[in-house]
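This report concerns only the one structure given below.
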Amino acid sequence: MSSETTIKKPADNRVAPPSFLRRYGSQMGIIGVGLVMWLGFVAAAPTVFTNANIYLAFAQTTPQFGIIAIALTFVVITGEIDLSFPSIMALGTAAFCLVVQAGGGWPVGLVAAFATGAVCGWINGALVSYLNIPSLVITIGTSFLFRGLELVLMNGTGVPLTAEDYPAMHAIFRSTLFGIPIQTIWMVVILIGAWFLLNRTRFGAHVFLVGDNPTSARLMGIDAVSVKTRSFILVGLMATFSGLMTSIYGYYFWPTTGEGFLLNTIASVFLGGTSVFGGTGSVVGTFVASYIIGAINAGIVSAGINAFYTQLAFGLVIVVSVVLQTLIDRKIRRQSMTGR
Amino acid sequence: MSETTPTPAGTPVIELRNVSKTFGEVRSLSGIDFAVYPGEIVGLLGDNGAGKSTLVKTVMGFHRPDPGGEIWFNGKLIDDWSVARARDLGIETVYQERALCEKQPIWRNMFMGREPRTKWGLLDVKKMRSESARLMSEHMGFTSAAVHPDNVVSTMSGGEKQGVAITRALYFDANLVILDEPTMGLSLTETGKTLDFVRNIKAVGKSAIFIDHNIFHVYPVVDRLYVLDRGKVAGVYDKTQISMEDLIDRLYRVARTGSLT
Numbered sequence: 236m237s238s239e240t241t242i243k244k245p246a247d248n249r250v251a252p253p254s255f256l257r258r259y260g261s262q263m264g265i266i267g268v269g270l271v272m273w274l275g276f277v278a279a280a281p282t283v284f285t286n287a288n289i290y291l292a293f294a295q296t297t298p299q300f301g302i303i304a305i306a307l308t309f310v311v312i313t314g315e316i317d318l319s320f321p322s323i324m325a326l327g328t329a330a331f332c333l334v335v336q337a338g339g340g341w342p343v344g345l346v347a348a349f350a351t352g353a354v355c356g357w358i359n360g361a362l363v364s365y366l367n368i369p370s371l372v373i374t375i376g377t378s379f380l381f382r383g384l385e386l387v388l389m390n391g392t393g394v395p396l397t398a399e400d401y402p403a404m405h406a407i408f409r410s411t412l413f414g415i416p417i418q419t420i421w422m423v424v425i426l427i428g429a430w431f432l433l434n435r436t437r438f439g440a441h442v443f444l445v446g447d448n449p450t451s452a453r454l455m456g457i458d459a460v461s462v463k464t465r466s467f468i469l470v471g472l473m474a475t476f477s478g479l480m481t482s483i484y485g486y487y488f489w490p491t492t493g494e495g496f497l498l499n500t501i502a503s504v505f506l507g508g509t510s511v512f513g514g515t516g517s518v519v520g521t522f523v524a525s526y527i528i529g530a531i532n533a534g535i536v537s538a539g540i541n542a543f544y545t546q547l548a549f550g551l552v553i554v555v556s557v558v559l560q561t562l563i564d565r566k567i568r569r570q571s572m573t574g575r
Numbered sequence: 008m009s010e011t012t013p014t015p016a017g018t019p020v021i022e023l024r025n026v027s028k029t030f031g032e033v034r035s036l037s038g039i040d041f042a043v044y045p046g047e048i049v050g051l052l053g054d055n056g057a058g059k060s061t062l063v064k065t066v067m068g069f070h071r072p073d074p075g076g077e078i079w080f081n082g083k084l085i086d087d088w089s090v091a092r093a094r095d096l097g098i099e100t101v102y103q104e105r106a107l108c109e110k111q112p113i114w115r116n117m118f119m120g121r122e123p124r125t126k127w128g129l130l131d132v133k134k135m136r137s138e139s140a141r142l143m144s145e146h147m148g149f150t151s152a153a154v155h156p157d158n159v160v161s162t163m164s165g166g167e168k169q170g171v172a173i174t175r176a177l178y179f180d181a182n183l184v185i186l187d188e189p190t191m192g193l194s195l196t197e198t199g200k201t202l203d204f205v206r207n208i209k210a211v212g213k214s215a216i217f218i219d220h221n222i223f224h225v226y227p228v229v230d231r232l233y234v235l236d237r238g239k240v241a242g243v244y245d246k247t248q249i250s251m252e253d254l255i256d257r258l259y260r261v262a263r264t265g266s267l268t
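Listed in order, the protein sequences are those of chains A and B. Under our numbering, the first residue of the first sequence carries the number 236, and numbering increases by one thereafter. Under our numbering, the first residue of the second sequence carries the number 8, and numbering increases by one thereafter.
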């Protein structure tokens, strides 16, 4: 028998370390798409896109959904999805407003807001992981639940959040630091924190394993329920953060806060190269993708193109880059599997 | 049912008492008494659906026994048995389904559930990579250039995947190693290596549970044998009491009639 050769053969025809392209292919792809798009904007409207103000504008608004997208990346890597974060944005901010109205002061209000966000995330996570309910289904339900609760609590009315009444909140969520809008500084800080959480902690390692193969992970003693629940709590916390940031930015808490955030946020996660099948993904990819989506919005308007084209541009960029990513991924995989 | 119950001296490493396991309306295990003593290799034989894998997963804490069943570890009754607990106490398993995460690199699979950390509590990725590379070349005979720890498991051959699963069980220096059909899909030399590995467990004074369809693999390496049939222990044999021919004969009989005699 040729058992000797059958063992050696697969070892011989494989390139030892996976290539740089293979490891970072999808991240390279997304950065490439971003660069091409930016060059297109510069070519279309050079005077606008060499002016720093345009970058200031989208550095303030992109983090509003980008911060949630970074947290949502964890949930998507575990193989789940959360559609309820727009409602958590509103409910968390409502908790802040109610506590302040009751005389609690802004620090207590912040604690209440984040506690609310965490509880919402925990409810989502517990329903998904304990009861094994598909997250796509249950988070549609909780989305209505959280939104409905917020509307009832606020009685459908908004709350003004002026800089005079809330100087500290405006310093935290709406100032500039070293000339950079603080929103983007927050997003970079959160990106760094999320990168360490995903790539340098046991929790992060388990996020990948649970999303890849939940049965294998459980057989090796990983608590899949806890990993998923914590990922949903992370989204709840970041949704609250974003709800506060968005409301302070507009000087007003609208009961409809969060509406229009759903697709931007989810698109950022998938555009960033995180797989809908779970097990693979990158927070850096999500970060870059968020700014690409933010730039389309700001760019279209500033370039003097009719704003009706915004959605068309969104669709084109997202569809084209996801198709490209899939093709690149498949090509790399096939090349690395020589002999099979 | 069992005609002989040889009991080696000492306290069992792991003992199941009256363990049953029901999935919905299917009773996979009923009233199992099972023990593994220090330094012995126990073989588990039985037809498809006899309950071998369910028994293994109950020993590992993946399945919780029905009320009334008890799990004892080193003479102590343990209530909160779980996979993490079992692994903490030094029980490692090579599962039939391998329990790998195929989209992940080798180093993530090697340390799945037991990731080493630096003194700041962060994941020690450097150690995970270098240890994986060392283990792959030392224990699996891969030259370091052939398999890189960053290779994704889905690109590996069946034997290589099994190698990862076995090496992983070996690395954590377990007191009890469970091997569920470890030779399935392996070449002759790979099978030989695996059987050497099982013998080596005994040589260093550790225990093992060895499950395999092929009685010619099981019989030579084990000390005692459990025969399972339809979720029950049909017989327990000391290897000195029964020849391989006699055992094969009885296995045929139990498969046909449900009785060993």
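All residues carry an ideal CB built from backbone N, CA and C; glycine is no exception. None of these values were measured; they are calculated from a predicted model.
Using three-state DSSP, classify residue i as helix, strand or coil.
| i | result |
| --- | --- |
| Val49/B | strand |
| Val90/B | helix |
| Lys28/B | strand |
| Thr419/A | helix |
| Trp430/A | helix |
| Arg565/A | helix |
| Gly242/B | strand |
| Phe217/B | strand |
| Thr285/A | coil |
| Phe80/B | strand |
| Ser571/A | Residue placement at Ser571/A cannot be trusted, given a pLDDT of 44 that sits under 50; what the coordinates show is reported in the next sentence. Helix, per DSSP. |
| Leu232/B | strand |
| Val159/B | strand |
Assuming residue i contacts residue j under a Cβ cut-off of 8 Å, what Cβ separation, rounded to an integer in Å, is found between them?
| i | j | result |
| --- | --- | --- |
| Val462/A | Phe488/A | Val462/A to Phe488/A, Cβ: 33 Å. No contact. |
| Pro45/B | Val20/B | 6 Å |
| Leu232/B | Leu23/B | That belief does not hold up - the Cβ atoms of Leu232/B and Leu23/B are roughly 16 Å apart, past 8 Å. |
| Ala325/A | Gly485/A | Not really, about 13 Å apart at Cβ, beyond 8 Å. |
Report the residue from the options whose alpha carbon sits nearest the alpha carbon of residue i.
| i | options | result |
| --- | --- | --- |
| Ser312/A | Ser556/A, Leu433/A, Tyr484/A, Phe320/A | Before going further, note that residue 312/A is Ile rather than Ser in the sequence given. Closest option to Ile312/A, Cα to Cα, is Leu433/A. |
| Phe118/B | Met455/A, Ile368/A, Phe331/A | Met455/A |
| His155/B | Ala57/B, Met143/B, Ile78/B, Thr174/B | Met143/B |
| Val296/A | Met480/A, Pro490/A, Thr491/A | Per the sequence shown, residue 296/A should be read as Thr rather than Val. Cα-wise, what sits closest to Thr296/A is Met480/A. |
| Thr174/B | Thr196/B, Glu138/B, Leu195/B, Ser194/B | Glu138/B |
| Gly82/B | Val49/B, Lys110/B, Val43/B, Gly75/B | Val43/B |
Can a CB atom of chain B be found closer than 8 Å to the CB of residue i?
| i | result |
| --- | --- |
| Ser451/A | yes |
| Leu386/A | no |
| Ser571/A | Unreliable placement is indicated for Ser571/A, whose pLDDT of 44 sits below 50; the coordinate value is still reported in the next sentence. So yes, Ser571/A belongs to the interface. |
| Phe203/A | Nothing can be reported for residue 203/A: it is not among the residues displayed for chain A, which extend from 236 to 575. |
| Asp447/A | yes |
| Arg565/A | no |
| Ile457/A | yes |
| Ala440/A | yes |
For residue i, I'd like the list of residues in its chain whose CB is within less than 6 Å of its CB, leaving aside the five on either flank, ordered along the chain.
| i | result |
| --- | --- |
| Glu122/B | Leu130 |
| Ala176/B | Glu99, Val101, Val184 |
| Gly327/A | Ala348, Thr351, Gly352, Thr475, Gly478 |
| Pro395/A | Tyr487 |
| Phe320/A | Ile303, Val470, Ala474 |
| Phe300/A | Phe496, Asn499, Thr500 |
| Ser370/A | Glu315, Ile316, Val363 |
Measuring only between beta-carbons, confirm whether residue i sits less than 8 Å from chain A.
| i | result |
| --- | --- |
| Lys134/B | no |
| Leu84/B | no |
| Tyr226/B | no |
| Arg124/B | yes |
| Arg71/B | no |
| Trp47/B | For clarity, residue 47/B is Glu in the given sequence; the question names Trp instead. So no, Glu47/B is outside the interface. |
| Val90/B | yes |
Short of 8 Å in beta carbon distance, which residues of its chain neighbour residue i, apart from the five on each side in sequence? Order them along the chain.
| i | result |
| --- | --- |
| Val442/A | Phe309, Ile312, Thr313, Leu433, Val462, Ser466 |
| Ala502/A | Ala524, Ile528, Phe549, Ile553 |
| Thr545/A | Ile531, Asn532, Ile535, Val536 |
| Leu426/A | Ile305, Val518, Val519, Phe522 |
| Glu494/A | Pro321 |
| Thr240/A | No answer about Thr240/A holds up, because its pLDDT of 37 lies below 50 and its placement is not dependable. |
| Gly264/A | Gly508, Ser556, Leu559, Gln560, Ile563 |
| Pro490/A | Ala325, Ala329, Glu385, Leu386, Met389, Gly391, Thr392, Gly393 |
Got a sec? Which residues, its chain only, sit under 7 Å from residue i by beta carbon, not counting five neighbours each side?
| i | result |
| --- | --- |
| Thr61/B | Lys28, Ser35, Leu36, His70 |
| Ala353/A | Ile468, Gly471, Leu472 |
| Ile255/B | Ile222 |
| Leu96/B | Phe80 |
| Ile358/A | Thr377 |
| Glu188/B | Gln103, Ile218, Asp219, His220 |
| Val283/A | Ile289, Ser537, Ala538 |
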